[in-house]
Structure formats: C-alpha cells, structure tokens
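For the sequence shown, my numbering gives the first residue as 633, with consecutive numbering after it.
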Amino acid sequence: MKEPKSIFISIVGRPNVGKSSLMNYMCGKKISIVTDKPQTTRTRIMGVLTKGETQLVFLDTPGLHKPRTNLGEHMVKAVSEGMSGVDCCILVAYAGSGVSPAELEIIERLKERHIKAYLALNKIDLIENKEELLGRIAEYSTLFNFEAVLPISALTGDGVDILLNYMLKEAKPGPHYFPDDALTDQPERVMAAEIIREKMLLLLDKEIPHGIAVCTERFSERESGNIIDIEANIYCEKESHKRIIIGKGGSMLKRIGTMARGDMEGFFGCRINLQLWVKVKENWRNREGLIRSFGFE
633 MKEPKSIFIS IVGRPNVGKS SLMNYMCGKK ISIVTDKPQT TRTRIMGVLT
683 KGETQLVFLD TPGLHKPRTN LGEHMVKAVS EGMSGVDCCI LVAYAGSGVS
733 PAELEIIERL KERHIKAYLA LNKIDLIENK EELLGRIAEY STLFNFEAVL
783 PISALTGDGV DILLNYMLKE AKPGPHYFPD DALTDQPERV MAAEIIREKM
833 LLLLDKEIPH GIAVCTERFS ERESGNIIDI EANIYCEKES HKRIIIGKGG
883 SMLKRIGTMA RGDMEGFFGC RINLQLWVKV KENWRNREGL IRSFGFE
C-alpha cells in the first residue's frame, strides 16, 4: 500500500465569487449551500475528498467583506481562522472584474503568513471575449507570486480538474484525518439547518434572508431506519419578516419546507418528516449571546 498523504486547503475570496460551488464540484457532492446572494456562507465549512492514498481537506470560508453587524465580525474572523494552519490557499476571484479591496486584503494576509496560494479566476463561462483573461491574469500576477493562475468555471467544471491535480501534487506524507468515506465535518443537524436556510435565500428577497438563522431542535432517526424526523426553528428579526416568511395561509413556509425536504432526502438518503416554526429575535445579529447559541462561535 502506498504511503498516505494529506493536505489542508483554504478557499478564500470576496463574497459571491463561487467559493462554495468550487468546493462542491471538487468534492463531488453538495456540501456548502449555494445561492446568488452575497454572504451565503457564514461559517467555515469543511469538505473532504479522499482519492486513493491522498486525502484533501477543503475549508470553505465566508466572503471577506466590511462587517456591519456582530455576526459580520464573526464571519470575518472565520476567514482569518480558515487561513491559519493550512498547507495552501485557493484565492477565488471573478474573471470578469478587476482586483477588489477585499482581494488586496487577502493577498496581504497571504504575504504576511507566507502561505502558498493558487488563483482560480472563476466564471469564465460568463466571459465572451476570452482575451480579457490575459489582462486579468497579468493584473493579479503583479500582486502576488501565485503557484499557478487558472481560469475555471465551477459551474461547468471547466479547468477544475487541472486545479484539483495541483492540489493532489501539493499533498504531503501524513495521516488521513477523517474516515476515507467522510464528506464533511459538519454535524447532520447543521447540514439540515443550512439546507433550510438556502431555500429561504432562494425564495425571499432583499434583506430578509440575511436576518435569518436556522437551528435544528430535533434530528432523530426512527427505528425502521427509513425516516428521519427533523424539527427546526427559523429565527428572524422583525414581526413583519415573520409574516413574510410564513406567507398567506402558510404558503411561503410550505414552499420552503417542500424544497428543503427534497434536498434533505437526497442528501441523507431516506424520507424526511420536516416541521418548521418561525420565531422573532430582534436584532439577533448584534447580540453576542444569541449569535453563539445559533452556532456562530
């Protein structure tokens, strides 16, 4: 048997550039929720991929932004912690725009910590004139000595296998820190809550989704083994938001539950009995006790 290898890789970038989509594609399974809204990822999410003797552990981090709430401060802290103790970083940037202040800040952190990094210029499927990429590559290359700069599409998979091969080559001899069939370090309760929150981000407009937290209160498998009972509380910041989340005659909450149940059944591989309740916790994003109780430590 070949000597085992492992590597820890942090995926960093500004909000909404496709970090979660990239990790999901590389791991071959949807682990991080994905929407087109900024700040979808709130905490560090770990994805595990074991290929033969090599285990790759990816850390999907929140998008780096200027925080306006205590929750935002926790998210920025999660980015910093996600860059600590890793073997290398993948900086994900949008191929269709120039370097942002958030990316400049990340690059400064890479320099300070002497972290080896790769640049993934994502969403090339949206770029009509591919010659634009040459200027973008040159712009980033003057700022940091990246190991490689790779145009990719996390949506179509274009270029992702090349990036993955680089990561496999970076792995060093060492033990596998997770079982070879592991997908993530996230508890099932957290995965269920995140699936619910994703559907709310997709179905609700404007600021409401950003003021929502979801906590799984019950997660129990029946003795028959083919049904899981899940009960979750949805917390929002205003009574008016609660009415919107529930909808007329409970219509919106029913849509959220139906979509979430479908994803959960695919992820957990069994039938799901899902019950949802909506509660108001005013200004919870600035209340440290509630932030911690909702799992943002």
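Using N, Cα and C, we set each Cβ at its ideal position, and we do this for glycine too.
Which residue from the options puts its Cα closest to that of residue i?
i: S785; options: A803, G728 and I840; result: G728
i: L654; options: G767, K637, L787 and K743; result: L787
i: G882; options: S642, V666, Q907 and K913; result: Q907
i: Y726; options: R768, D719, K662 and E740; result: R768
i: K743; options: F776, R893 and N648; result: F776
i: Y750; options: L836, R875, E713 and L795; result: L795
i: C659; options: A710, T816, R745 and P811; result: T816
i: D812; options: R893, K886, G679 and H746; result: G679
i: L688; options: I641, P694 and L696; result: I641
Specify, as a first and last residue, the run of the beta strand (DSSP E) that residue i falls within.
i: K651; result: Segment K651 to C659 is the alpha helix (DSSP H) holding K651; no beta strand (DSSP E) there.
i: L775; result: First-last for L775: undefined, no H or E at that position.
i: V910; result: R903 to V912
i: T682; result: I677 to K683
i: L782; result: V781 to P783
Tell me where the alpha helix (DSSP H) around residue i begins and ends.
i: S638; result: Taken as a continuous stretch (DSSP letters only), S638 belongs to no alpha helix (DSSP H), being part of the beta strand (DSSP E) at K637 to V644.
i: I923; result: E920 to S925
Decide if residue i is buried, meaning its Cβ has at least 16 other Cβ atoms within 10 Å, or exposed.
i: P733; result: exposed
i: D790; result: exposed
i: P841; result: buried
i: Y809; result: exposed
i: T774; result: exposed
i: W909; result: exposed
i: R676; result: buried
i: H706; result: buried
i: V912; result: exposed
i: P819; result: exposed
i: D837; result: exposed
i: D757; result: exposed
Please tell me whether residue i has its Cβ less than 9 Å away from any Cβ of chain D.
i: E802; result: Absent here is chain D; the protein component of the structure consists of one chain.
For residue i, write down the residues that DSSP places opposite it in a beta bridge.
i: Y726; result: N754
i: T788; result: According to DSSP, which records beta bridges pairwise, T788 is partnered with nothing at all.
i: P805; result: K637
i: L688; result: I639 and L681
i: Y867; result: A845 and K911
i: T890; result: Paired residue(s): none; T890 is not in a bridge.
i: T667; result: In the DSSP output, where bridge partners are listed per residue, T667 has none listed.
i: A749; result: C721
Relative to the ligand PLP, is the shortest distance from any of its heavy atoms to the C-beta of residue i smaller than 8 Å?
i: R875; result: Absence of the ligand PLP is noted for the structure shown, with no ligands found whatsoever.
Ranges of the alpha helix (DSSP H) found wholly within the stretch 833-860, counting only runs of at least 4
Runs found: none.
Length at least 4, wholly inside the stretch 690-734: the alpha helix (DSSP H) runs in chain order
Listed in chain order, they are 702-714.
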